[in-house]
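Under the numbering used here, think of the first position of the sequence shown as 440, with each following residue one higher. Glycine included, each C-beta is placed from N, C-alpha and C at the ideal position. Here the structure is a predicted model, which means the values were calculated and not measured. Below is one structure, written out as C-alpha cells, with a few remarks after it.
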Amino acid sequence: MKAIVPVAGLGTRFLPATKTQPKEMLPLVDTPVIQYVVEEIVRSGIKNIIFVTTRHKKCLEDYFDSHFELESALEMSGKSETVRELRRIVKLAHFSFVRQHAPLGNGDAIVSAAHLLHDEPVVVAFGDDIFVGRELVTKKLIEVYRAYHAPVCVLKKVPRSKVHQYGIVRAKKIGAATYQIFDIVEKPSAKNAPSNLAVFGRYVLTPQIIDYLRELHPPSRNKELGLTEALRLNLRRGGSFYGWEVSPQAHFDCGSKIDFLKATVYFGLKHRELKHEFRSHLRSLEL
Ligand code: UTP
C-alpha cells in the first residue's frame, strides 16, 4: 500500500512561525514533526510515500534527500553516527513529490496525488498529526481495512467543550477499539454533537473515496475541499465507514500550538541525552 502525505496547507494556526517555515518542519526537540509521521507509516509497512507539497515547502523535499557536503564535513570531523542517522532518514522509504497549486483544502491535496494510484486502497496521513505509544496506528487502520474492505479513520475522544473544533462522528462500537461510523458532522455545537469522538489525520481510503473526491472537485469559489465531504458522500450513498479509537494521550495535533507544546514535553522526557536534566527542570518549576 502507498501513502499520501499532504503537507501543502497554510498552517494559519501556527502563525507567525509558519509564515516562512512549514509547520511540518517544526522540530520536536531535534526531529521535525514530519519525520515522526513518516516513521510511523514506514513501521506500519508502507514503503512508498507521496508527499503533496507546494512551492514554499521545498525544504521538506530536501529533508528527505542526501546532503552530500554536510555528510562529508561530518565524516571528516569523525561524526559518523550523525552521518548514519542522516542517511537512514533518506532511505526510510521511496519518496515522491507532487504539487498542490493552491491551498484548496486537504481533499484537493489528495486529488493532486490521485493520478499516481492504480485503483488501489491508500493510506492518507496528514503531515501534522502524530501518534505515539506502543500501537502503530496506521498498521491498526490497515488491519481494520482488511477486515471490512471499507474506508477507515482514526477517532479520539475530545472534551465536549471542544467538539465545535472538529469533525464529530455518530458511531457504534463494534470491537475493543473499532467503531462503525454512520455520519460525520463538521464542527457541531456541544448541544448538537452526536458524540465526542473526533476524526483525526490518519486514514485508509478506498478507490471509491478517491472517485468521490474527484466528483466533488474542484471546490466551489472561495471554498476548500475537505476529505470529510467525500467520506460523508460515501455514507449518504450507502457505503460503509469504520473508525479505530486511540487514547487521548496517543495523539498530538502538531498544527495546534498547545498540542505542539505537549508533544515537545513528551519527546523531551524521552530524549536519550536530555531526559534527566529536562525532568528535573520541570520538577523544579512545580515547586
Ligand atoms: P489542516 O486541515 O490542518 O489545514 O491540514 P492547514 O491549512 O494546514 O492548517 P491551518 O488550519 O491553517 O493551521 C491537514 C494536513 O493537510 C495539509 C496540511 O499541510 C496538513 O498536513 N493540507 C491542508 C494540504 O496539503 N493542502 C491544503 O490545502 C490544506
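Rounded to whole angstroms, what is the Cα-Cα separation between residue i and residue j?
i	j	result
Gly566	Val476	6 Å
Lys671	Glu574	The sequence given here places Arg at residue 671; Lys does not occur at that position. Roughly 28 Å separates the two Cα atoms.
Lys701	Arg452	16 Å
Ile473	Lys630	35 Å
Ser535	Ser723	46 Å
Ala532	Ile488	7 Å
Thr470	Val563	21 Å
Pro455	Pro461	11 Å
Arg718	Phe570	22 Å
Glu663	Ala541	10 Å
Val537	Gln688	33 Å
Run through the DSSP bridge pairs and tell me what residue i is partnered with.
i	result
His690	Phe570
Arg609	Asp622
For the ligand UTP, is there any heavy atom lying closer than 6 Å to the beta carbon of residue i?
i	result
Gly546	no
Ala589	no
Arg452	yes
Pro471	no
Ala447	yes
Asp567	yes
Find the nearest neighbour of residue i within the set the options, judged by alpha-carbon distance.
i	options	result
Ala553	Leu509, Leu499, Val593, Val491	Val491
Trp683	Pro633, Ala447, Ala586, Thr493	Ala586
Leu666	Arg526, Gly606, Pro560	Gly606
What do you get for residue i, buried or exposed, if any count of 16 or more other CB atoms within 10 angstroms of its CB means buried?
i	result
Pro704	It should be noted that the sequence gives Val, not Pro, for residue 704. Exposed is the call here.
Thr457	buried
Asn673	buried
Ser551	buried
Gln427	With the chain represented from 440 up to 726, any question about residue 427 goes unanswered, as that position is not in the structure.
Gly640	buried
Ile613	exposed
Asn545	buried
Glu712	exposed
Thr577	buried
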